[in-house]
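Peer 1:
There are 2 protein chains.
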Amino acid sequence: MSILTLIHRKDEYIVTAIPGTNLLNIIQDLEIPGFNAPCGGKGTCGKCRIILKKGVLNPVTEQEKALLDSPDIANGIRMACCCTILKDSPITILVPEAAESRIQASSTLLMEQHHPRFRSLRIAIDSGTLNDQRSSLSKIVSEINTLGLNSIQTSFNPSVLHTLGSLTNPSQESTVNHPGEWHILMDKSNLKDIQHTKTMYYGCAVDIGTTTIVVHLVNLLDGTILGTWSGLNEQKRYGADVISRIQFCMEQRENTGKLQKTIVNQIDDAIKSLFIEASIPEEHLQVITIAGNTTMLHFLTGSDTSGIAASPFIPIFTDSLSFSSTELGFSAIPHTKIELLPSIAAYVGADISAGVSVTNLLSKVSPTLFLDIGTNGEMALGDNGRVVCCSTAAGPAFEGANIRYGTGGIAGAIDSVKLENGKILYTTIGNKPPIGICGSGIIDAAALLISSGAADYTGRIESQENFEAPWIVVFDGAPALLLASIDETNNGTPIVFTQKDLREVQLAKAAVAGGIRTLLKDRNISLDDVAHVYLAGGFGSYINPENAGIIGLLPGNLSEKTETAGNTSGQGALRALLDKNEFDNLQIIQENCFYIELSARADFQQFYIEEMYFGDY
Amino acid sequence: MSILTLIHRKDEYIVTAIPGTNLLNIIQDLEIPGFNAPCGGKGTCGKCRIILKKGVLNPVTEQEKALLDSPDIANGIRMACCCTILKDSPITILVPEAAESRIQASSTLLMEQHHPRFRSLRIAIDSGTLNDQRSSLSKIVSEINTLGLNSIQTSFNPSVLHTLGSLTNPSQESTVNHPGEWHILMDKSNLKDIQHTKTMYYGCAVDIGTTTIVVHLVNLLDGTILGTWSGLNEQKRYGADVISRIQFCMEQRENTGKLQKTIVNQIDDAIKSLFIEASIPEEHLQVITIAGNTTMLHFLTGSDTSGIAASPFIPIFTDSLSFSSTELGFSAIPHTKIELLPSIAAYVGADISAGVSVTNLLSKVSPTLFLDIGTNGEMALGDNGRVVCCSTAAGPAFEGANIRYGTGGIAGAIDSVKLENGKILYTTIGNKPPIGICGSGIIDAAALLISSGAADYTGRIESQENFEAPWIVVFDGAPALLLASIDETNNGTPIVFTQKDLREVQLAKAAVAGGIRTLLKDRNISLDDVAHVYLAGGFGSYINPENAGIIGLLPGNLSEKTETAGNTSGQGALRALLDKNEFDNLQIIQENCFYIELSARADFQQFYIEEMYFGDY
């Protein structure tokens, strides 16, 4: 920690630090909620903005001049990653408050069957005689066995023994009223809890995405969702995508611990607030199931991720593991069991196992695609009882990073764009004045350029001379799409979709479409043969499939067969929490999903290059 | 807590407390190591002695006059349980330091076969290729499986994942030298730990007796005992026997917690000191196995014991249970698994299951007795593959309680007595001047009275007129055996074995012998048919079997067939720690040991009365 002194008032921070310290590192250590640095400090995304109010930093760098607008620079806006502390005298900076994000927490694919994992039983035992001196616990276990629930394992907290003790203690009123009557919680065939009175039990299902986190609070006995918390993954202050966070971990050994602490604390807080919100006590929280991509589960467990970052991409673990919450550093929930869903490979994580499960991909007879498009594009193809899967590095363009005016799905983000009567029409999240453009808007903008002919099949935007339209402007010396003029925005700068932005989209969509074609080729299936496409993830829920088809993100006629499935990862965690067969089912999926490593395939390279272009091939 | 102020200097305590508070309760709350109150404060044992140095307490009571010698009373000695705080001005008391006890920690019955429970494996895995992208953990598990160890369950601390991560981290020198080489700890077929270098692993085997505690520190890989700690159970400050401690628990709900805290802290400290003594780090402590009687295991888990105290004697649990050390309140050893051996009934605990195991009682063809004589006399009879067992309330006489000059096996205790040439000869532990008489001496003294004819078959000691011997004296108005005169002791009082003491021995031995005869009758076996007797427990290790035969503690000719077996309970805990089949074996014992409740049997009552007398019946 290179911070020497710190005064903090609302979003204003007065800091002194060791000269030479990078300002981004200081802000990361301050753990300011909502602050993000998508590129992890490489100076390429321009998102880690702060305002210098007092004091001196190094002069504005070339990187800042390229990525910040002049009025912003004039107002003292800096990119934290480009700033260095010069002296140990204080600087005062303003870290803008984060806008709230639109996050797709639920899935449209609900559970079809329910084999309850948790059951509450009412059991009566007598207080014993000289001819039957079995212990209270033995009698309860044998009563459970007479109900046909065999192979009882007793794995519980010692407090269960304390409850049992009150059988003979007259101070417990319920014992007096119903002597020998007990309420038992079973988890599959394991005895988990014993209470005098009918008790509610809770569980949490968690989806840790690279960008967003969703936590459901669930009544374990009837499956009701009592509350859902969602938020941006606070690890974003260390980078937007898994690679930049892994690089952060590789810089210093203790950084892995910082990422673990960040995610553990965030889930801890989320669960605490869910219980407060629902006005129910935390004490009967039994289990937390967690889905997420392989890297996120590695961060959660404090595992080394360097093997994931580089070929041959070897993770530390992919199996379903369980821990006590204390072992992972949770504090709000000290004795809860944490169960991780199994992953398939370094880049096909438990989020995809979950998706394969909730879409029943393993039992599809007709070819069915499952796509989860975010920073990475993970995909799986189910066909005749067999699943092949792969992952492509789409990059964070669809999350709004590396896009000049890109942003997450926050209020004021342009989330749809269309051309009507020669005019650009757009909508923003929350109908707020536009502040940037998010994933669904980015796809629409790209599709608009292609379908209007303003950009050709190579992705080159025509100059104002060749394509006359009021919304073609020049930005950074190249033609660009003007989405919102200075009059429409609040900060004195227009919002444009640049030539460079379109190139980012090209790279991203080529990776996804190339992956789809490689999977299909592997199973000798044509695009036309595909019967159905599930589009999962928060991003997928908001995009216009038709436009995704126009830009070739969904190649061929896939867009016509596409169903958005919402947060299938969170839905899989819910299923693991509530369905007693789900972990077995996930293991079958893990064993039967064949992972294809695209980086080793020449055919993928070919498809990738082909798909770089817009239009038919 | 009724203590208002406390100053403590060595064994001197200056206390103010709320007037009306009982002094014993104050001293119990002070948690003074070694202090004991065998009768739990009923004023009947005279052992909770303190010296009043300054201040005023209530006048000496009749109970104290009956149980303390006049010179002691003159010197300010009081029984804490008879003293009440009168005002809130300070009193200064001296709590005598406890002498060290002789405790039988080991057993003569060593393990015959060794099926190692823990194994260390060396496994080499490659760092992966694009054609084999399995996770590090998957590769290790499949390597283990190729060694023929099936059904691997992975149940480990997240730190194992952190170790695995260093595969790719060049800062670990060992990785550089032996890339991909790992040292694995297996517990049965469970993967428990992964390390870079060959690592030592430790376990502890604990025997919690009502009176004594034994803790072994063990090298799990070769079974070597690296150190043994033994001490008196600090719970003795709440009573010497299980009944007085249970009564203490029933007085107030939180008292069960006090007993739990006492035993947990004592074992915690013992383990800590064993590791320090052996100069090895605690971090690789894997598991602690604990044997003990049913009540002690209930105290350890904070379970209610009131069901044990009264008919029909129903414990909370008898099965083998396991907990994390944190759940039970251990602090020195935060993440260790604690495994309790299974018990058979409320008064035939895991100590006896352990004894039945280490004596192989279940597989004996000829009738074989197992006796564990202490405060309770537990016994089991093995015959032709069947075991019956029972427990008798011998009372704490053999532990030195309720005996006028009785004491535990501490330095200065008279531990053997014989008559030679008309003179009493005795030995003391550590050859120290005599301070009292312990169990083995008590049996010798009783046998001497019987065999010399100084006491008749009804247990009446002859008066000096009828039996002329210099060692027959008068004490409390009745004849008594003079063991050590004023000249031989250090404190100005002689040591005598009184008529009342002999009555206590009569009751105790009748209970044990009556139990033995009931077991034999149940299996239709005569005393002569018994092939072998194992005498277990600390007390049994030191007694003279011949004298135990003379007083009828071992009825018939059992004394001729008796082998002392030492601490079979601790030995059983060791076996559970080191032998992978032992918990299964103990479960078979639990299911096949038939418990006989003596309180329900008229035949036991008959035997008990018959055995009250000395000599043949």
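The listed protein sequences correspond, in order, to chains F and X.
Okay, so the first sequence: first residue is 48 according to this note's numbering, each after it adds one.
Okay, so the second sequence: first residue is 48 according to this note's numbering, each after it adds one.
All residues carry an ideal CB built from backbone N, CA and C; glycine is no exception.
(1) Which two residues bound the contiguous beta strand (DSSP E) that contains residue 525/F?
(2) Are the CB atoms of residue 403/X and residue 640/X nearer to each other than 8 Å?
(3) Given that a residue counts as buried once 16 or more other Cβ atoms are within 10 Å of its Cβ, and exposed if not, what is residue 103/F?
(4) Pick helix, strand or coil for residue 222/F, following the three-state DSSP scheme.
(5) Give the residues of chain F in contact with residue 192/X, contact being defined as C-beta atoms less than 7 Å apart.
(6) Check whether chain X comes within 8 Å of residue 360/F, counting only Cβ atoms and requiring the distance to be less than that.
(7) Can you grab the Cα-Cα spacing for the pair residue 321/X / residue 329/X, in whole Å?
(8) Taking Cβ-Cβ distances shorter than 7 Å, what residues in chain X pair up with residue 204/F?
(9) Using DSSP with H/G/I as helix, E/B as strand and the rest coil, what is residue 118/F?
(10) Measure the C-alpha to C-alpha separation of residue 355/F and residue 445/F and round it to an integer number of angstroms.
(11) Does DSSP classify residue 162/X as helix, strand or coil?
(12) Measuring CB to CB, does residue 384/X end up less than 8 Å from residue 369/X?
(13) Looking only at its own chain, which residues have a Cβ that is under 6 Å from the Cβ of residue 61/X, when we skip the five neighbours before and after it?
(14) Taking a Cβ distance cut-off of 9 Å, strictly less, list which residues of the segment 616 to 648 of chain F are near chain X, in chain order.
(15) Residues in the same chain with beta-carbon distance under 6 Å from residue 520/F, minus the five sequence neighbours each way, listed in chain order, please.
(16) With distances taken between CB atoms, is the gap from residue 434/X to residue 427/X smaller than 8 Å?
(17) Nearest chain X C-beta to residue 363/F closer than 8 Å, yes or no?
(18) For the beta strand (DSSP E) holding residue 96/X, just list the boundary residues, first then last.
(19) Less than 8 Å between the beta carbons of residue 585/X and residue 614/X, yes or no?
(20) Could you compute how far the alpha carbon of residue 482/X sits from the alpha carbon of residue 167/X?
(21) Going along chain F, which residues have a C-beta under 9 Å from residue 236/X?
(22) Unbroken beta strand (DSSP E) runs of length 3 or more, entirely within the segment 178 to 264 of chain F: which are they?
(23) Using CA atoms only, rank isn't needed, just tell me which of 66/X, 149/X, 81/X, 116/X is closest to residue 587/X.
(24) Contact between the segment 545 to 554 of chain X and the segment 565 to 582 of chain X: three or more CB pairs below 8 Å?
(25) Using a Cβ distance threshold of 8 Å, determine whether the segment 616 to 623 of chain F contacts the segment 333 to 350 of chain F, with at least three qualifying pairs required.
(26) Please determine if the segment 556 to 568 of chain F and the segment 593 to 603 of chain F are in contact, where contact requires at least 3 C-beta pairs separated by less than 8 Å.
(27) In this structure, does DSSP put residue 434/F in helix, strand or coil?
(28) Say the cut is 7 Å; is the CB of residue 366/X nearer than that to a heavy atom of the ligand GTP?
(29) Here's the rule I'm using: 16 or more other beta-carbon atoms within 10 Å means buried, otherwise exposed. How should residue 244/F be labelled?
(30) Report yes if the C-beta distance between residue 311/F and residue 376/F is below 8 Å; otherwise report no.
(31) For the putative contact between residue 628/X and residue 162/X, defined by C-beta atoms under 8 Å, what is the C-beta separation to the nearest angstrom?
(32) Any chance the segment 344 to 361 of chain X sits against the segment 278 to 297 of chain X, with 3 or more Cβ pairs inside 8 Å?
(33) Would residue 415/F and residue 373/X qualify as a contact pair, given that the criterion is a beta-carbon distance under 8 Å?
(34) So residue 282/X and residue 87/X are supposed to be a Cβ contact under 8 Å. How far apart are they, rounded?
(35) At a cut of 8 Å, does the segment 229 to 240 of chain X reach the segment 199 to 210 of chain X through at least three beta carbon pairs?
(36) So which of 452/F, 68/F, 63/F has the shortest CA-CA distance to residue 486/F?
Peer 2: In short, the structure shows the following:
(1) Start at 1 with the first residue of the first sequence, and residue 525/F comes out as number 478. Looking at the DSSP string, the run of the beta strand (DSSP E) that includes residue 525/F is 525 to 531.
(2) Numbered from 1 along the second sequence, position 356 holds the residue referred to as residue 403/X. Numbered from 1 along the second sequence, position 593 holds the residue referred to as residue 640/X. Taking 8 Å as the Cβ cut-off, residue 403/X and residue 640/X qualify as a contacting pair.
(3) As a working mapping, residue 103/F is identified with position 56 in the first sequence. So residue 103/F ends up on the exposed side.
(4) One-based indexing of the first sequence puts residue 222/F at position 175. Unreliable positioning characterises residue 222/F in this predicted model, as indicated by a pLDDT of 46, which lies under 50. The coordinate reading is nonetheless provided below. Of the three classes helix, strand and coil, the one that applies to residue 222/F here is helix, per DSSP.
(5) Residue 192/X sits at position 145 when you count from the first residue of the second sequence. Within 7 Å Cβ-Cβ: nothing; residue 192/X doesn't reach chain F, min ~13 Å.
(6) The residue labelled residue 360/F in the question sits at position 313 within the first sequence. Residue 360/F counts as touching chain X.
(7) Translated into the one-based positions of the second sequence, residue 321/X becomes position 274. Translated into the one-based positions of the second sequence, residue 329/X becomes position 282. Using only the alpha carbons, I get a separation of about 10 Å.
(8) Your numbering for residue 204/F matches position 157 in the first sequence. Correct list: 374.
(9) Position 71 of the first sequence holds residue 118/F. In this structure, residue 118/F counts as helix in the three-state DSSP scheme.
(10) Indexing the first sequence from 1 puts residue 355/F at position 308. Indexing the first sequence from 1 puts residue 445/F at position 398. Cα to Cα, the separation comes out at about 22 Å.
(11) Here residue 162/X refers to the residue found at position 115 when the second sequence is read from its first residue. Residue 162/X: coil per DSSP, three-state reduction.
(12) Position 337 of the second sequence, counting from 1, holds the residue named residue 384/X. Position 322 of the second sequence, counting from 1, holds the residue named residue 369/X. Closer than 8 Å, so yes.
(13) Position 14 of the second sequence, counting from 1, holds the residue named residue 61/X. Closer than 6 Å at Cβ, skipping near neighbours: 54, 137, 139.
(14) 642, 644, 646, 647
(15) Residue numbering aside, residue 520/F sits at position 473 when the first sequence is read from its first letter. Taken in chain order, the residues that qualify are 527, 529.
(16) Locating residue 434/X in the second sequence gives position 387, counting from the first residue. Locating residue 427/X in the second sequence gives position 380, counting from the first residue. Yes, the Cβ-Cβ distance between residue 434/X and residue 427/X is below 8 Å.
(17) Counted from its first residue, the first sequence places residue 363/F at position 316. By this cut-off, residue 363/F is an interface position.
(18) By 1-based counting over the second sequence, the position of residue 96/X is 49. Taken as a continuous stretch (DSSP letters only), the beta strand (DSSP E) holding residue 96/X covers 96 to 101.
(19) Position 538 of the second sequence, counting from 1, holds the residue named residue 585/X. Position 567 of the second sequence, counting from 1, holds the residue named residue 614/X. Taking 8 Å as the Cβ cut-off, residue 585/X and residue 614/X qualify as a contacting pair.
(20) By one-based count along the second sequence, residue 482/X stands at place 435. By one-based count along the second sequence, residue 167/X stands at place 120. When rounded, the distance between both Cα atoms is 51 Å.
(21) For the purposes of this step, residue 236/X is identified with residue 189 of the second sequence, where counting begins at 1. Under the 9 Å cutoff, chain F gives no residues; its nearest Cβ is about 15 Å from residue 236/X.
(22) 228 to 234, 237 to 242, 249 to 255
(23) Your numbering for residue 587/X matches position 540 in the second sequence. The residue with the shortest Cα to Cα distance from residue 587/X is 149/X.
(24) no
(25) yes
(26) yes
(27) By 1-based counting over the first sequence, the position of residue 434/F is 387. Of the three classes helix, strand and coil, the one that applies to residue 434/F here is strand, per DSSP.
(28) Because no ligand of any kind appears in the structure shown, any question about the ligand GTP cannot be addressed here.
(29) Position 197 of the first sequence, counted from the first residue, corresponds to residue 244/F. Burial call: exposed.
(30) Counting from 1 along the first sequence, the entry for residue 311/F is found at position 264. Counting from 1 along the first sequence, the entry for residue 376/F is found at position 329. In contact: residue 311/F and residue 376/F (Cβ atoms closer than 8 Å).
(31) Taking the second sequence and counting its residues from 1, one reaches residue 628/X at position 581. Taking the second sequence and counting its residues from 1, one reaches residue 162/X at position 115. The Cβ separation is near 5 Å, so the contact holds.
(32) yes
(33) Numbered from its first residue, the first sequence carries residue 415/F at position 368. Numbered from its first residue, the second sequence carries residue 373/X at position 326. Cβ distance not < 8 Å, so residue 415/F and residue 373/X don't count as in contact.
(34) To locate residue 282/X, count along the second sequence from 1; it is residue 235. To locate residue 87/X, count along the second sequence from 1; it is residue 40. With a Cβ gap of about 10 Å, residue 282/X and residue 87/X do not count as contacting.
(35) yes
(36) Against the first sequence, residue 486/F aligns to sequence position 439. Checking every option, the nearest Cα to that of residue 486/F belongs to 452/F.
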